[in-house]
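The structure under discussion appears below in the form of structure tokens.
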Amino acid sequence: MQLIDPCDETRTVSVKNLRVETTDNLKQLVEDVSLELLPGEILGVVGESGSGKTTLGLALLGHCRRGLRIGAGTIRVGGELLSDKGPSELQRLRGRLVCYVPQDPATALNPALRIRTQLAECLDKNGSGRNISLEDLLEDVMLPSGAGFLHAFPHQLSGGQLQRVAIAMAFAARPRLIVMDEPTTGLDVSTQSHVLKTVRRLCESHRVAAVYVSHDIAVVASIANRTAVVYAGRIVEMGPTASVLFDPSHPYTRALIRAVPDIDSTATVSGLAGQAPDGGADLKRCSFVPRCALAVPACRATVPPAVPVRPGHEVRCLRAADREHIHERSRLLPEETGSRSNTLLDVRQLTASHGNAKILHDITFKIRAGECVGVVGTSGSGKTTLARSLAGLHEDARGQVIYRDSELVSGTRNRDADARRSIQYIFQSPYGSLNPRRSIGASVATALSQLTTVPAAERRARVLKAFDQVALPASAIDRFPHELSGGQRQRAAIARALIVDPDFLICDEITSALDVSVQARIMELLGELQREHGLTMLFVSHNLAVVRSIAQRVLVMQHGRIVESGLTEAVLTNPSAAVTRQLLQDAPRFSCARSAEYLEEHDVV
Amino acid sequence: MLKFTSAISPLMTLICRRIAFGALTLLILSMLVFFATEILPGDAARVVLGRAANETALQALREQLHLDEPVAARYWHWLVNICTGDFGTSLVNGRPIAELVASRLMNSAVLLVLTTGLTIPLAVGLGVFAALRRGRRSDSFLSVAALVVASLPEFVIGIGLIIVFATVVVQWLPPVSMVPPGTSVFARPLVLVLPTLTLGLVSFPYIFRMIRATMIDVLESDYMEMATLKGLPRWRMTFVHALPNAVAPAIQVVALMLAYLAGGTVMIEYVFGYAGLGQGLMNAIQSRDMPVIQVIVLLLAAFYVLVNLAADIVTILVTPKLRTGTW
Chain A
152 MQLIDPCDET RTVSVKNLRV ETTDNLKQLV EDVSLELLPG EILGVVGESG
202 SGKTTLGLAL LGHCRRGLRI GAGTIRVGGE LLSDKGPSEL QRLRGRLVCY
252 VPQDPATALN PALRIRTQLA ECLDKNGSGR NISLEDLLED VMLPSGAGFL
302 HAFPHQLSGG QLQRVAIAMA FAARPRLIVM DEPTTGLDVS TQSHVLKTVR
352 RLCESHRVAA VYVSHDIAVV ASIANRTAVV YAGRIVEMGP TASVLFDPSH
402 PYTRALIRAV PDIDSTATVS GLAGQAPDGG ADLKRCSFVP RCALAVPACR
452 ATVPPAVPVR PGHEVRCLRA ADREHIHERS RLLPEETGSR SNTLLDVRQL
502 TASHGNAKIL HDITFKIRAG ECVGVVGTSG SGKTTLARSL AGLHEDARGQ
552 VIYRDSELVS GTRNRDADAR RSIQYIFQSP YGSLNPRRSI GASVATALSQ
602 LTTVPAAERR ARVLKAFDQV ALPASAIDRF PHELSGGQRQ RAAIARALIV
652 DPDFLICDEI TSALDVSVQA RIMELLGELQ REHGLTMLFV SHNLAVVRSI
702 AQRVLVMQHG RIVESGLTEA VLTNPSAAVT RQLLQDAPRF SCARSAEYLE
752 EHDVV
Chain B
-19 MLKFTSAISP LMTLICRRIA FGALTLLILS MLVFFATEIL PGDAARVVLG
31 RAANETALQA LREQLHLDEP VAARYWHWLV NICTGDFGTS LVNGRPIAEL
81 VASRLMNSAV LLVLTTGLTI PLAVGLGVFA ALRRGRRSDS FLSVAALVVA
131 SLPEFVIGIG LIIVFATVVV QWLPPVSMVP PGTSVFARPL VLVLPTLTLG
181 LVSFPYIFRM IRATMIDVLE SDYMEMATLK GLPRWRMTFV HALPNAVAPA
231 IQVVALMLAY LAGGTVMIEY VFGYAGLGQG LMNAIQSRDM PVIQVIVLLL
281 AAFYVLVNLA ADIVTILVTP KLRTGTW
């Protein structure tokens, strides 16, 4: 890829020294951002939550949320200087020159308007002249174009369909630039893969440049030509995606990459130490200093300038050239212990139903003490129902579940206190699973008072010990859920499970609501618990890469049946079931970025 | 696969269920009304004939009014008569209640329609305007003004308006709104101005504040940010994208206000001497005219039930999520 001449006005997008600040001028959420885009080029923007990536994306449409403003810099899209335009002029250009694809189409599409109305106004906006019909738009994103679909309201469509409608809306005007804000978060891997392919194809065929904002480097790797890594409002590293991914020069980029489980790699993930910044850019020094292991005094004295480490690849780090400290990912996953230990759980011909619908058919498997078994499958495959049946939360289950030496009955209420203590469940959303009106300490202590005979006087000490185990600060004991971040809440939920010394932990998609860097720290924690305390786990997830980085064995489910099972390595390297192959194929992967063309030009890896 | 469930049938089922439920509510109400007036102290026959009446005449009248029958039987007769359109006669002047109530009902309806016809568009319009200009001076002024008006008792507003427009300051409007029996209020339209204005001021703040609040919620939503980013014109964002979503939660408040206007005009009609249902109810209570009390209370209750039924149906109609299934 050749260097881009910054003076060339034929670029689709040219942003120079952009700053977005709070209206009271106290914080700079986006600081000194410059970037260029060619027609048809996709730029991935990655960073943790709070890094300013969404603010940057919105600023490219000349839009700032309440309390923010564009403080400095220029934004030029397709020859129009957006940063100089007044509100009505901007409003005219939005939806024509620059379009937006929202993170959650379920809330971003108007619930009171039909799909037809919402799509048609994107065409009207574009004026006459072009002969695009609504049907063409829907066909572009592979949605049914019948009158019935157009007549539907948003709540009648699935998440994947809604996201494709949002993409069709963005491409309707054939804009010069499309900004996409985490458009596949919340979709399962197969839907995500479809959406990513659609975006890539449309960008290429219509020569539309795109900015793809995401916290997940693996997703960006599979779609973006170039990648920008954002930290505290600044682009700390930007270059061709393969170059950034396989030869990262900024310590933050390296940490972020280590946090993302790669489906092609057997390494476990490792989280980023320290707290993500939320106060915007530091104007006097490198913002990453507090979390950086390589920081030298010079890093505290000045903001590092962006310097090229190779053509088209720039880094803001004084120590970018210093490469001896880079270590490879190491494999820390506990070894397969199945053959040595005893069977902890023996499930025989388990069936479960919801009313008349049978959800699980003839589920038979064993879990040995101390191993972690992953359960994967697309949405609706029955994996959550399986987890809930084992925990006794799904009562309409039949079959034999033998735990240790005795049979478990269905329904927690019918089980004795020791069985309830011994098997603990962690829910998907830490936002919904903690009582908002009780302090974290009280929620965690409830498990203790309900399931154990620990005297009341000792409970606080036990809660603090559990907090320590999950690396929650002791101060969290008197806080309420809304005062904690998503990652901290999930730790609290884990602490609540661990405080009663369980033997078997059931984790239901526990990281899917979390940022990748937070996910990595939770995964590290679970790995540690398994290694050091011999905890047995059932880990339910739709993300194969996450399962690969933690589970020794894996069960693949489809339509309520186990279609494949075995050692994780064996299943993922040599899948036999069609659904496993499909899941593997759809998973976003780093290697997508490793194109032949790139490898020719650069001598990396 | 592409089969949309019919939007009509679940809606019709729902409406039928609501109507049945409304009818049941009215039946229970009729019992409450009848038995409540029944346990009030006082003898209907004595009310009719006066204190000086002798015992034989009283006894004869009691038989004529079926007062000697058991309560349940009298309730049954009353209910059957009401259902067949026979509201009975007034104890005070012996005229049919239907005739007495009809003109008052008409007068009250005129007041109600005028008030809602003026207040709802104004309150919705200003509510939307205030929400769009949230935090600016015009919004603060409207919000404070609405709060001040809402905190004043209705009779204070009525008397204040009389002082300003009819007596002390200027004498542009009649201070009392009495119309001779038998003539229509439209013969003297000026008498309607002050009662309408008072009721409008009383009900305006609730609708205004509700619309402003729901509109602010809607304007902060993801789909409104999306509408901005789609580059839609301002009018389209406001009226096509925001308003339908803001109106749905406000409908219930409008219904409550309508119900209040129907029943709560007692004070206002009393202040202005306006011959509406409220005044009729007051008169009937003062003269212990039980059959009239029962009919008026039942009418107000029926209106209340109807308005709430209508509000539920309108809410369902403007909320696609409630009226369409999934596919």
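Going line by line, the protein sequences match chains A and B. Heads up, the first sequence is in our numbering, so the first residue is 152 and it goes up one at a time. Heads up, the second sequence is in our numbering, so the first residue is -19 and it goes up one at a time. From the three backbone atoms N, C-alpha and C, an ideal C-beta is built for every residue, glycine too. These figures come from a predicted structure and were not determined experimentally.
Check residue i in the structure and name its three-state DSSP category.
i: Ile701 (chain A); result: coil
i: Gly224 (chain A); result: strand
i: Arg(-2) (chain B); result: helix
i: Asp497 (chain A); result: strand
i: Pro76 (chain B); result: strand
i: Gln575 (chain A); result: strand
i: Met293 (chain A); result: coil
i: Cys468 (chain A); result: coil
i: Thr502 (chain A); result: strand
i: Tyr203 (chain B); result: helix
i: Cys250 (chain A); result: strand
Assign residue i to buried or exposed, taking buried as 16 or more other Cβ atoms, counted over all protein chains shown, within 10 Å of its Cβ.
i: Ile8 (chain B); result: exposed
i: Gly115 (chain B); result: exposed
i: Trp58 (chain B); result: buried
i: Met11 (chain B); result: exposed
i: Pro412 (chain A); result: buried
i: Ile143 (chain B); result: exposed
i: Cys63 (chain B); result: exposed
i: Ile19 (chain B); result: exposed
Which bits of chain B does residue i rub up against, with CB to CB less than 8 angstroms?
i: Thr258 (chain A); result: Ser201, Asp202 and Tyr203
i: Glu328 (chain A); result: Rather than Glu, the amino acid found at residue 328 (chain A) in this sequence is Leu. Chain B residues near Leu328 (chain A): none, gap ~12 angstroms exceeds 8 angstroms.
i: Tyr251 (chain A); result: Met206, Leu209 and Lys210
i: Phe304 (chain A); result: Pro300, Lys301 and Thr304
i: Cys273 (chain A); result: Lys210
i: Gln242 (chain A); result: Thr208, Gly211, Leu212, Pro213 and Arg214
i: Asp255 (chain A); result: Asp202
i: His345 (chain A); result: Under the 8 angstroms cutoff, chain B gives no residues; its nearest Cβ is about 17 angstroms from His345 (chain A).
i: Arg788 (chain A); result: In this structure chain A extends from 152 to 756, so residue 788 (chain A) is not present and cannot be described.
i: Leu212 (chain A); result: Leu209
i: Met320 (chain A); result: Lys210
Which residue comes first and which comes last in the beta strand (DSSP E) that contains residue i?
i: Pro391 (chain A); result: Arg385 to Pro391
i: Cys63 (chain B); result: Careful: Cys63 (chain B) lies outside any beta strand (DSSP E), inside the alpha helix (DSSP H) at Val51 to Cys63.
i: Asp123 (chain A); result: The first residue shown for chain A is 152 and the last is 756, placing residue 123 (chain A) beyond what the model contains.
i: Val171 (chain B); result: That residue, Val171 (chain B), is in no beta strand (DSSP E); it is neither H nor E in DSSP.
i: Val171 (chain A); result: Val164 to Thr173
i: Gln179 (chain A); result: Gln179 to Leu188
i: Arg712 (chain A); result: Arg712 to Leu718
i: Met158 (chain B); result: Where Met158 (chain B) is concerned, there is no enclosing beta strand (DSSP E), given that its DSSP letter is neither H nor E.
i: Asp269 (chain B); result: Note, Asp269 (chain B): premise wrong, no beta strand (DSSP E); not H, not E.
i: Gln551 (chain A); result: Ala548 to Tyr554
i: Leu665 (chain A); result: Per DSSP, Leu665 (chain A) belongs to no beta strand (DSSP E) and is neither H nor E.
i: Ile408 (chain A); result: Looking at the DSSP string, Ile408 (chain A) is not in any beta strand (DSSP E); the run it does join, the alpha helix (DSSP H), is Pro402 to Ala410.
i: Phe690 (chain A); result: Thr687 to Val691
i: Ile329 (chain A); result: Leu328 to Asp332
Mind pulling the chain A residues with CB within less than 8 angstroms of residue i?
i: Asn225 (chain B); result: Asn261, Pro262 and Ala263
i: Thr69 (chain B); result: Correct list: empty, because the minimum Cβ distance to chain A is about 52 angstroms.
i: His57 (chain B); result: Neighbours of His57 (chain B) on chain A: none; closest Cβ ~50 angstroms, over 8 angstroms.
Of all the options the options, which has the alpha carbon lying nearest to the alpha carbon of residue i?
i: Gly201 (chain A); options: A:Arg740, A:Ser716, A:Leu665 and A:Ala598; result: A:Leu665
i: Leu85 (chain B); options: B:Tyr254, B:Ala125, B:Leu174 and B:Ser267; result: B:Tyr254
i: Ser341 (chain A); options: A:Ala702, A:Gly711 and A:Asn694; result: A:Asn694
i: Cys273 (chain A); options: A:Ala317, A:Arg682, A:Pro334 and A:Glu558; result: A:Ala317
i: Ile329 (chain A); options: A:Arg247, A:Ala446, A:His545 and A:His464; result: A:Arg247
i: Leu212 (chain A); options: A:Asn176, A:Pro253, A:Thr174 and A:Asp175; result: A:Pro253
Please list the terminal residues of the continuous alpha helix (DSSP H) segment that includes residue i.
i: Met217 (chain B); result: No alpha helix (DSSP H) contains Met217 (chain B), which DSSP labels as neither H nor E.
i: Pro448 (chain A); result: Pro448 to Ala452
i: Ile591 (chain A); result: Ile591 to Leu602
i: Cys658 (chain A); result: Unbroken run through Cys658 (chain A) is the beta strand (DSSP E), Phe655 to Asp659; no alpha helix (DSSP H).
i: Glu355 (chain A); result: Val340 to His357
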